[in-house]
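One structure is given here, and the rest of the page talks about it.
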Amino acid sequence: MKILDSANSYIGRLNIRTVLYISFTLASILFIVLGTFVEWREDVTLDGMFAKEDNLDKISFLCLDANSTMLKARINMGNFILTYKDFGYNEAKSRYITPILTYVSEIKNIMGNIRSLTSNQSIKGITYKIDMELDKYQSTIFNLTDKYMALGFSNSGTYGALQSSAREIESLLDMQKNFQLKSDLLMLRRNEKNYIIQNRDLYVTKHREDSDTFKKNIASAQLPSDIKSRLITLADSYAGFFQLYCQTSDEIRTINNNYVQSIRTIEPLLASLNEEAFNSVIASRQEREESGDTISLIRWGCGFLILLGTLIIAYIISTVISRDVKECKSFAEEISTGNLTNRLRLKGKNEFTSLAIALNKMAESLSSYATKMTSSTEQYRALVENSQDLIIRYDNNYICLYMNPVCSRLDSSVDLDYFIGEPIDSKIFLSKDIALSWKEMLQKVFNTCQTQEAYYDFETPGGTIYFHARFFPEYAEGGEMKGVVITARDITMQKLEEQKNKHKEQLLIQQSKMASMGEMIGLIAHQWRQPLNALALNVNDVKDAYTFGELDARYIEESVSASLQQIEFMSKTIDDFRNFFIPAKKKVHFYVNTAIEELLSMFLQIFNKSHIDIFIKAEQGTALLTDGYPNEFKQVLLNILNNSKDAIISKKRTDTQLQGKIEISIGNNEDNSEIIVSIKDNGGGIPDDVIGKIFDSYFSTKGSEGTGVGLYMSKTIIEEKMHGKISVSNIEDGAQFIIQLPVAT
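As structure tokens, this is what we get:
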């Protein structure tokens, strides 16, 4: 009581100014203590939240890395399937499959890192699911590549064994000159080809049926027993390998479906993981903002309760405002310089806090955009640098700005940096001729602002490389042209395949000619019968003249002259047929009407024998000179005439009074730029359901008697080799073929 009384007495003696001073001092001390506590609590809370947000940001970036790595794995798998036949299985596996396994390991490591950065059980659960799906994905990759290895290509695997057995059968049939069995084999190969291209079970059944027929035909063929036994063994092997090839292809489709299903499972999980991480970041930031709001309310409540601290509070407020303004200004300057890693952290809830939130969101948006742009740029760079196409950029001064790595594979002796920054004709890439041609193409692009293209070939120690180059204009943001991008694609394999196909076409043409060999030999015999009789008469006449003493120099001279005339006629007959069989190596000018007349002079007997009349009608004053291959043109015409002959003979079986007639008309179109050859017959026409397929390869309406080669090769000769057109249509009582050829200039 005494102490309290003493205190009251002491306070009573204090003047108001002192009381105010003491109260102000106590209030200031209390405000400082409370303010310090609030600041400390805020720092502890926010530090923990910032650490949590940093971990979640790291998780978001790891999710992006996982998505990018998964995309690389998918691209590599696609490249393996597309290119393993070109590179070979082992090299393709080394190029693409080994990196895929590395990518899978990287994604698993990323999932482990994510688990170490979070305590969120939902995120951890997703990462464990992704790990399990990655194991399935990796197992699917192993199964798929093993099946591709078993399937094989070229001379390896099931496909190689299939081709090897087919080639050996074909070789034996060629040795035995058995064209019927070879035709059966061609039908089998066609089914094989249709299955590989269309992958339809219809061709598997068809192949099995034709294979059984083929083996029966071998058994009934007139062949040596050892050859027949070998052919049957090879036919069984060929059928077995084809069935194994089909089975392996089905297994690959099944495994490929599992592979696609695995991808469709992993990618949504990665997306879900990314979304979960993003939602956690948003929730954490909302929690931080709510915590900041609570602490700010406590701070301002203390200020209002302590009225005597108004001046200090005002001072603190002014200090906070100036600090916020300074921090906002400093943060805005950092953003303008490109520093998007920092974030503005203002305390309280006011206009500056809202401004700070807006600035932070702007920085996050810019950072996200920059990340996407960086990722897009890296992906673009990866595509360009890993592209199999040559890519080069030149500016409008013909200075080289960029060359992708594939350029060094074309000219391995030179470093790419050797060309960067140099004019196109200063340091020669590939060859001087190519460099000069490229400069001309660049000039065309700059002059016309249009894409240009050209084809080139380049000699290397490994052989000639053919490539197709395109020159694209490159524009600046203002729309003005700033340079040219060159892309060049290696078309060596395509070029070689074209040459190979051209050779095959020549063989098919020759086979088509050989198919008529029997009739031609009969024609030669017919042509020779009369001169041989004349020679026999001359010889007997000389003998009789000698017997009766009438043989003198004049008599011998006349007999020899007559005999030589007959021999010359026989020799010309041989020359005509021999020339018909010789394939042309280059184009020549020839008259279409002359070629037709020469053909009919050789083969007219065939049609006369079948009681078929052939009429030729050529318009007067027409331009009939064309540029092409006369023997091949004759073969086309003979194929069409033979088809008309067969159609007429078939129709005569039901119409015995029919007089076969074929009419050949020769003329020009309206502007005399084309030669029009029309072949009409009265053989009843072509069924509507097959007329559209009449020019397809291996398509025949004659069953086992036809090869399906003649009209296909006719279309190839006319349209591809002689740059003309051939068509067919039905007329009133038959069919009409029309051939259009350009007039020679």
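If you read the sequence shown in numbering that gives the first Met the number 0, its first letter stands for residue 0, the second for the next number, and so on.
Just so you know, even glycine gets a beta-carbon here, dropped at the ideal spot from N, CA and C.
1. Taking the alpha-carbon positions, what's the Q564 to G666 distance?
2. Identify, in the order they occur along the chain, each residue of the same chain with its Cβ nearer than 6 Å to the Cβ of K360, setting aside the five sequence neighbours on each side.
3. So, is F141 buried or exposed, given that buried needs 16 or more other C-beta atoms within 10 angstroms?
4. At the level of alpha carbons, what is the spacing between K651 and Q179?
5. Could you check which residue in I356, L185, S248 and L63 has the C-alpha nearest to that of D145?
6. According to DSSP, is L657 helix, strand or coil?
7. Mind checking A72: buried by the 16 CB within 10 Å criterion, or exposed?
8. Is it true that the segment 107 to 119 meets the segment 170 to 190, where meeting means three or more beta-carbon pairs spaced less than 8 Å apart?
9. Let me confirm a value: Q634 is counted as buried when at least 16 other C-beta atoms fall within 10 Å, else exposed. Which label applies?
10. Could you spell out the range, first to last residue, of the beta strand (DSSP E) harbouring V484?
11. Have a look at S649, R252 and T621 and flag the residue whose alpha-carbon is nearest the alpha-carbon of D670.
12. Helix, strand or coil: which one does DSSP assign to K571?
13. Pick helix, strand or coil for L623, following the three-state DSSP scheme.
14. Tell me where the alpha helix (DSSP H) around Q442 begins and ends.
15. Is K214 close to chain D, meaning its C-beta is less than 8 Å from at least one C-beta of that chain?
16. Tell me the DSSP secondary structure of A220 in three-state form.
17. Just reading off the beta strand (DSSP E) that E476 is part of, what are its end residues?
18. To which residues of the same chain is E596 closer than 8 Å at the C-beta, ignoring the five residues directly before and after it?
19. Figure out for me which residue from A357, V444 and S367 has the closest Cα to the Cα of N396.
20. Evaluate contact between the segment 92 to 104 and the segment 162 to 180, counting only Cβ atoms and requiring at least three cross-stretch pairs below 8 Å.
21. If you follow the alpha helix (DSSP H) that K692 is part of, which residue opens it and which one closes it?
22. The beta strand (DSSP E) with D419 in it runs from where to where?
23. How should S224 be labelled, buried or exposed, when 16 other C-beta atoms within 10 angstroms of its C-beta is the threshold for buried?
24. Per DSSP, what kind of secondary structure is E458 in: helix, strand or coil?
25. May I ask which residues mark the beginning and end of the beta strand (DSSP E) holding K724?
26. Any idea if P629 is buried or exposed, counting beta-carbon neighbours within 10 angstroms, 16 or more meaning buried?
27. Leaving aside the five residues before and after E422 along the sequence, list all residues of the same chain whose C-beta is less than 7 Å from its C-beta, in chain order.
28. Give me the Cα-Cα distance between T373 and H502, rounded to the nearest whole angstrom.
29. Do the segment 276 to 283 and the segment 131 to 138 make contact, defined as three or more Cβ pairs closer than 8 Å?
30. Take R488 as the anchor and find which of S364, I391 and N537 has the nearest alpha-carbon.
31. Going by C-alpha distance, which of L636, T450, I613 and D695 is nearest Q658?
32. Beta-carbon within less than 8 Å of S436's beta-carbon, same chain only, minus the 5 sequence neighbours each way: which residues are those?
33. Using 10 angstroms around the beta-carbon of V727, count the other beta-carbons present and answer buried if the total reaches 16, otherwise exposed.
34. The alpha helix (DSSP H) with Y393 in it runs from where to where?
35. Using DSSP with H/G/I as helix, E/B as strand and the rest coil, what is S5?
36. Are the segment 93 to 101 and the segment 239 to 259 in contact at 8 Å, needing three or more beta carbon pairs?
Working from what's here:
1. 37 Å
2. none
3. exposed
4. 26 Å
5. S248
6. coil
7. buried
8. no
9. buried
10. M480 to D489
11. T621
12. helix
13. coil
14. K431 to T447
15. Going by chain labels, chain D is absent from the structure shown, which holds only one protein chain.
16. coil
17. No beta strand (DSSP E) holds E476; DSSP gives it neither H nor E.
18. I615
19. V444
20. no
21. No alpha helix (DSSP H) contains K692, which DSSP labels as neither H nor E.
22. Reading the sequence as shown, one finds Ile at residue 419 and not Asp. I419 -> no beta strand (DSSP E), and no H or E assigned at all.
23. exposed
24. strand
25. K724 to N729
26. buried
27. Residue 422 is actually Pro in this sequence, not Glu. Only Y397 and I398 meet the Cβ criterion.
28. 51 Å
29. no
30. I391
31. I613
32. A453 and Y455
33. buried
34. Not the alpha helix (DSSP H): Y393 falls in the beta strand (DSSP E), residues L389 to D394.
35. Bear in mind that the predicted position of S5 carries a pLDDT of just 37, short of 50, making it too unreliable to give a figure here.
36. no
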